[in-house]
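Residues in the sequence shown are numbered from 0 upward in steps of one, following numbering that gives the first Met the number 0. Even glycine gets a Cβ: it sits at the ideal position worked out from N, Cα and C. This one's a predicted model, so the numbers in the text were calculated from it and none came from an experiment. A quick write-up on the structure given underneath.
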Amino acid sequence: MIEIRWHGRGGQGAVTASELLANAVVRVGKFAQSFPAFGPERRGAPVLAFTRIDDNPIEIRWQITEPDVVVVLDFSLLSTVNVVSGLKKNGFIVLNTSKDSSEVKSMFPGYKIAKVDATSIALKNLGAPITNTSMLGALLKAVPIVPFDVMVKVVEERFDPRNSASLKETYEKTEVLA
Numbered sequence: 000m001i002e003i004r005w006h007g008r009g010g011q012g013a014v015t016a017s018e019l020l021a022n023a024v025v026r027v028g029k030f031a032q033s034f035p036a037f038g039p040e041r042r043g044a045p046v047l048a049f050t051r052i053d054d055n056p057i058e059i060r061w062q063i064t065e066p067d068v069v070v071v072l073d074f075s076l077l078s079t080v081n082v083v084s085g086l087k088k089n090g091f092i093v094l095n096t097s098k099d100s101s102e103v104k105s106m107f108p109g110y111k112i113a114k115v116d117a118t119s120i121a122l123k124n125l126g127a128p129i130t131n132t133s134m135l136g137a138l139l140k141a142v143p144i145v146p147f148d149v150m151v152k153v154v155e156e157r158f159d160p161r162n163s164a165s166l167k168e169t170y171e172k173t174e175v176l177a
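Written as structure tokens, this is what we have:
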């Protein structure tokens with residue numbers, strides 16, 4: 000089983016990204032769960048979303064506390080949220096940041112990291128800092144959970160072409176750090 004925890008802010012699309020990934024996973028014959036964890040937060044408040052993926056039916060129904068992968072849609076969350084809490088040893092952190100690779104690596108010793116400036120890509124393609132489809136591209140570059148073309152199709156069925164452009168560009172520009 001692969002467990003993914005998404006960290007974002009209300010309005011950035013973390014919940015939608017989790018749902019899109021689950022949809023793509025089901026299309027390739029696997030099982031998936033996608034669910035959010037938030038209260039009456041407003042736009043901009045921290046939000047969590049979760050995705051579980053397995054080859055077999057998933058019967059557990061609780062929040063993911065020991066993820067294999069953490070996806071961070073907003074780097075500023077690092078100042079208030081411990082995004083690596085419970086992350087498995089050798090787990091993957093997928094970050095939206097423009098920071099230098101060496102600086103990012105020094106922040107998260109012992110973890111695999113993928114980074115990309117998804118905000119700039121979203122602003123260019125969408126005109127807004129909504130990074131959900133962009134970060135799906137980064138996630139799939141780091142951890143090829145589903146074929147990329149399947150994810151593109153899922154995004155294109157739900158959103159206009161600007162979102163799939165962000166997905167594709169982010170996939171190409173994501174830097175995977177060992």
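Asked                                                                                                          : Found
Secondary structure, alpha helix (DSSP H): runs of 4+ residues fully inside the segment 115-152                : 117-125 and 131-141
Residue burial classification, Gln32 (beta-carbon count within 10 angstroms, cutoff 16)                        : buried
Closest by C-alpha distance to Thr96, when choosing among Leu86, Glu18, Val70 and Thr64                        : Val70
Supposed close pair Ala121, Ala113 - CB separation, criterion 8 Å                                              : So it is not a contact: roughly 17 Å between Cβ atoms.
DSSP bridge partner residues for Val71 (one or two, in chain order)                                            : His6 and Leu94
Integer Cβ distance of Val27 from Pro146, believed to fall under 8 Å                                           : 7 Å
Three-state secondary structure assigned by DSSP to Lys172                                                     : helix
For Lys98, the nearest candidate out of Asn89, Leu20 and Asp73 (CA to CA)                                      : Asp73
8 Å CB neighbourhood of Leu19 in its chain, flanking five on each side removed                                 : Asn131, Thr132, Leu135, Met150, Val153, Val154 and Arg157
Bridge-paired residues (DSSP) for Gln32                                                                        : Arg51
Which of helix, strand or coil DSSP assigns to Ala113                                                          : strand
Proximity winner among Val93, Ala48 and Ile63, relative to Gly10 (alpha-carbon distances)                      : Ala48
Asn162 classed as buried or exposed, judged by whether at least 16 other C-beta atoms fall within 10 angstroms : buried
Proximity below 9 Å, CB of Tyr110 to CB of Val83                                                               : yes
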